[in-house]
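The working numbering numbers the first residue of the sequence shown as 264 and each following residue consecutively.
What follows is one structure encoded as structure tokens, with my remarks underneath.
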Amino acid sequence: MNDDLPEPDPIDPAQGPEDSAVEYVPEDDAIIGVAFKWSLAVMVILGSVGLVLFFVFSSGQEEAETIIQKTVESPEALVPDVAILPDVKFTDITTEAGINFIHESAGEGEKLLPETMGSGAAFFDSDRDGDQDLLLINAIPWEGSDRASRPMALLINDGAGHFTDVTIGSGLEEPMYGTGVAVGDVDADGLLDLYITALGSNRLYRNLGENRFKDLTDSSGVASGPTAWSSSPAMFDYDGDGDLDLFVPNYVKWTRELDISNNYTLNGTDRAYGPPKLYAGTQPELYRNDGTGRFEDVSEESGIHVLNPYDGFPVAKSLAVIPIDLDRDGWMDLIVANDTTRNFLYHNNGDGTFAEIGEDAGVAYDNRGLSTGCMGIDAAHYRNDEAIGIGVGNFTMEMTSFYVSGRDPMLFSDEAIIEGIGSPTRLLLSFGLFFLDYDLDGRLDLFQTNGHLEEEISEIHRSQQYRQPAQLFWNTGSDSGATFELVPSEIAGDLVTPIVGRGAAYADIDADGDLDIIVTQVGDRPLLLRNEQALGHHWIRIVLQGASPNLDAIGAWVEVDAGGTTQRRKVMPTRSYLSQVEMPLTFGLGEHGHIDALRVTWPDGSIQDVDVSSIAIDAQTTITQE
264 MNDDLPEPDP
274 IDPAQGPEDS
284 AVEYVPEDDA
294 IIGVAFKWSL
304 AVMVILGSVG
314 LVLFFVFSSG
324 QEEAETIIQK
334 TVESPEALVP
344 DVAILPDVKF
354 TDITTEAGIN
364 FIHESAGEGE
374 KLLPETMGSG
384 AAFFDSDRDG
394 DQDLLLINAI
404 PWEGSDRASR
414 PMALLINDGA
424 GHFTDVTIGS
434 GLEEPMYGTG
444 VAVGDVDADG
454 LLDLYITALG
464 SNRLYRNLGE
474 NRFKDLTDSS
484 GVASGPTAWS
494 SSPAMFDYDG
504 DGDLDLFVPN
514 YVKWTRELDI
524 SNNYTLNGTD
534 RAYGPPKLYA
544 GTQPELYRND
554 GTGRFEDVSE
564 ESGIHVLNPY
574 DGFPVAKSLA
584 VIPIDLDRDG
594 WMDLIVANDT
604 TRNFLYHNNG
614 DGTFAEIGED
624 AGVAYDNRGL
634 STGCMGIDAA
644 HYRNDEAIGI
654 GVGNFTMEMT
664 SFYVSGRDPM
674 LFSDEAIIEG
684 IGSPTRLLLS
694 FGLFFLDYDL
704 DGRLDLFQTN
714 GHLEEEISEI
724 HRSQQYRQPA
734 QLFWNTGSDS
744 GATFELVPSE
754 IAGDLVTPIV
764 GRGAAYADID
774 ADGDLDIIVT
784 QVGDRPLLLR
794 NEQALGHHWI
804 RIVLQGASPN
814 LDAIGAWVEV
824 DAGGTTQRRK
834 VMPTRSYLSQ
844 VEMPLTFGLG
854 EHGHIDALRV
864 TWPDGSIQDV
874 DVSSIAIDAQ
884 TTITQE
């Protein structure tokens, strides 16, 4: 549209003939009438001639025309893969599995922001018996409440997916306003330790064996400040010395007094939960492990502190992080999801420092160039090629972001709409998010859990609900269309039960090869969803035994060649939101009953080609670093 063109004169619909600028002449009616009669006569004559010619031509054609009938069969290729969604249901087995945990939101009507954020969960092998146990993080009531405090819950798996609560006597009984969790062996003793983040001081628990833990917070140096609000921590080796360091994202600078004084409202009358834009940003923390489980704060010198150049205040309002070596240079990078401010990509310089390049890399903003309300995050080779996809769950009316790398592994574009994720996620408020191959066809699918902050949101916005269904996107494997297709509710089963979803994690809890899901809620019980996959697809599960001190090989990559494709997975329990997934890696093989090759790139950079004859199909195999 050319802005230089003149605007047409406005037309008044109430204007009558007497107001018109055109003069009315009575003789014009007679002239128009004569012209109309002659035009009508000509049209009748032409129509008659055309009808006669049609019948003459048609009768001649009937004698000469020969009709040939031929059956045409549609080629099989015309049936798109996207139309064949796998029939895989998820069943809620929370009570059946022995989980009686109820999350404490602390909400009693004051509408304080921490009440909305929930707490996470972790699948990990606490007792080193080979199956995946479960830790559920909990908050506490506000000071002055008459509600009893309940600690986090440690639940031990019997190997078949039934859990026993062993919290009492474990050393994890002390209540705290817990948020997230990281799992890793920080002292190289072969047992998985726990780092719990909180509103207030964070805590490090050393695993003593036999499901007993000791609080080493004071001696380890990783407590953070007493007023900090930490979110989703990560254990990973950032400096290449073999031991596990600790990255701690922090959310906003919050106090109860400041929250109440904001007096935020949605309808102009009632108090509501205020957005993070009402609070100042914070700085994340990076702790370097000295190899014994004691840590040194190297946050400032490592370059992870980011300040706004215009006012000098911290930019970060961080809720989740995914450690990943994006450019495969042997050094772990960090992608951080920030809420209502730009996301970070910390590129590891390999000298103990990071460069924040999120804007240059294309992951700082969404496809409109705007900051979003980011919560959960994950990254993976979702197309079984060199490209990496980064999924980020966002606030309502902000579709899930889906950044995809191009030829340069450090350059991304938001392709949420192109890949089939954008439109279905726009109306939902997303938290926990991760990739997994739920149907074992060899392609990574995408899961996200959803739930609003305000119980009364439907009274204000009719398109919104407090309790929302989770979403599962099936990877179609398409090379020409959208990669993901939303699994409809009639297939997904209990997975789409409307809940107030927050944290999310996965593990094979019953040793049947497929991945089951746990989703935490605000102020309610979690949902343990058993994967009922029965498609006959083959699979392998790989457990890595690394060299000391990184015995679980966190940060390693495993590549599996099968059926003409290469699948890539990384050992990284930190992903999603406030949560940790299991460390064993699951590779679906579909109808292929064997693999052609398997390679491990260990955290120290060494590459090991594994004899495929030693890899059992439809079973779990442990690979030890040579």
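Glycine included, C-beta positions come from ideal geometry on N, C-alpha and C.
This structure is a prediction, so every number in the text was calculated from the model and none was measured.
| query | result |
| --- | --- |
| Please state if the CB of glutamine 731 and the CB of valine 763 are separated by a distance shorter than 9 Å. | yes |
| Which stretch, first to last residue, makes up the beta strand (DSSP E) that contains aspartate 508? | 508-511 |
| For the stretch 439-472, list the beta strand (DSSP E) runs that are entirely contained and at least 3 residues long, ordered along the chain. | 441-447, 456-461 and 466-472 |
| Let me check understanding here. Comparing Cα to Cα, which of Val785, Gly621 and Ser869 lies closest to tyrosine 609? | Gly621 |
| Arginine 862 and aspartate 874 - do their beta-carbons sit closer together than 9 Å? | no |
| In chain order, what residues of the same chain lie with their CB nearer than 7 Å to the CB of isoleucine 403, ignoring the 5 residues before and after it? | Glu367, Ala369, Ser412, Pro438, Met439 and Tyr440 |
| Using 10 angstroms around the beta-carbon of glutamate 753, count the other beta-carbons present and answer buried if the total reaches 16, otherwise exposed. | exposed |
| From which residue to which residue does the alpha helix (DSSP H) around alanine 624 run? | 621-624 |
| Contact between the stretch 684-704 and the stretch 837-854: three or more CB pairs below 8 Å? | yes |
| From aspartate 677 to alanine 810, what distance separates their C-alpha atoms? | 38 Å |
| Buried or exposed, going by whether 16 or more other CB atoms sit within 10 Å of the CB of leucine 341? | Model confidence at leucine 341 stands at a pLDDT of 33, short of 50, so the residue's coordinates are unreliable and nothing is read from them. |
| Between which two residues does the beta strand (DSSP E) carrying alanine 369 extend? | Alanine 369 -> no beta strand (DSSP E), and no H or E assigned at all. |
| Strictly by DSSP, which residues pair up with glutamate 564? | Glutamate 564 is not bridged to any residue. |
| Answer yes if the stretch 496-503 comes into contact with the stretch 576-596, meaning at least three C-beta pairs across the two stretches below 8 Å, and no otherwise. | yes |
| Pick helix, strand or coil for glycine 685, following the three-state DSSP scheme. | helix |
| Is the number of C-beta pairs between the stretch 568-588 and the stretch 508-516 that are closer than 8 Å three or more? | yes |
| Could you check whether alanine 860 and valine 822 sit closer than 9 Å to each other, using their CB atoms as the reference points? | According to the sequence displayed, residue 822 carries glutamate and not valine. Going by C-beta atoms, glutamate 822 is nearer than 9 Å to alanine 860. |
| Might you give, ordered along the chain, the residues of its own chain that have their beta carbon closer than 6 Å to the beta carbon of arginine 631, omitting 5 neighbours on each side? | none |
| Where does aspartate 891 fall in DSSP's three states? | Nothing can be reported for residue 891: it is not among the residues displayed for the chain, which extend from 264 to 889. |
| Start and end of the beta strand (DSSP E) containing serine 581? | 581-587 |
| Taking buried to mean at least 16 other C-beta atoms within 10 Å of its own C-beta, is proline 496 buried or exposed? | buried |
| Which term fits serine 668, buried or exposed, when burial requires 16 or more other beta carbons within 10 angstroms of its beta carbon? | buried |
| Among Glu371, Leu841, Val429 and Ala535, which one has its Cα closest to the Cα of serine 408? | Glu371 |
| Could you pull out every residue in the same chain whose Cβ sits closer than 8 Å to the Cβ of histidine 663, ignoring the five residues on either side in sequence? | The amino acid at residue 663 is misidentified as histidine; the sequence shows threonine. Counting only Cβ-Cβ distances below 8 Å, and skipping sequence neighbours, we find Gly654, Val655, Gly656, Asn657, Ala679, Ile684, Gly685, Thr688, Ser693, Leu696 and Gln711. |
| Fully enclosed by the stretch 516-563, which alpha helix (DSSP H) runs are 4 residues long or longer? | 519-525 |
| Can you tell me whether proline 572 is buried or exposed? The criterion is at least 16 other CB atoms within 10 Å of its CB, across all chains shown. | exposed |
| Take asparagine 474 as the anchor and find which of Asp390, Thr659 and Leu749 has the nearest alpha-carbon. | Asp390 |
| How would you label glutamine 546, buried or exposed, when you count the other beta carbons within 10 angstroms and need 16 or more for buried? | buried |
| Can you look up leucine 798 in the DSSP assignment and give me helix, strand or coil? | coil |
| If you follow the beta strand (DSSP E) that threonine 480 is part of, which residue opens it and which one closes it? | Not the beta strand (DSSP E): threonine 480 falls in the alpha helix (DSSP H), residues 480-483. |
| Nearest by alpha-carbon distance to leucine 749: which of Ile780, Glu718, Ile723 and Leu709 is it? | Leu709 |
| At 3 residues or longer, and completely inside the stretch 690-728: list those beta strand (DSSP E) runs for me, N to C. | 693-699 and 708-713 |
| Tell me the residue span of the beta strand (DSSP E) that contains glutamate 661. | Note, glutamate 661: premise wrong, no beta strand (DSSP E); not H, not E. |
| Less than 7 Å between C-beta atoms, sequence neighbours within five positions excluded: which residues of the same chain meet that for glutamine 843? | Ala385, Phe386, Phe387, Val444, Ala445, Val446, Ala768, Pro836 and Thr837 |
| Should alanine 755 be labelled buried (16 or more other beta-carbon atoms within 10 Å of its own) or exposed? | buried |
| Once you ignore the five residues that flank tryptophan 405 on each side, which residues in its own chain have a CB closer than 6 Å to its CB? | Ala369 |
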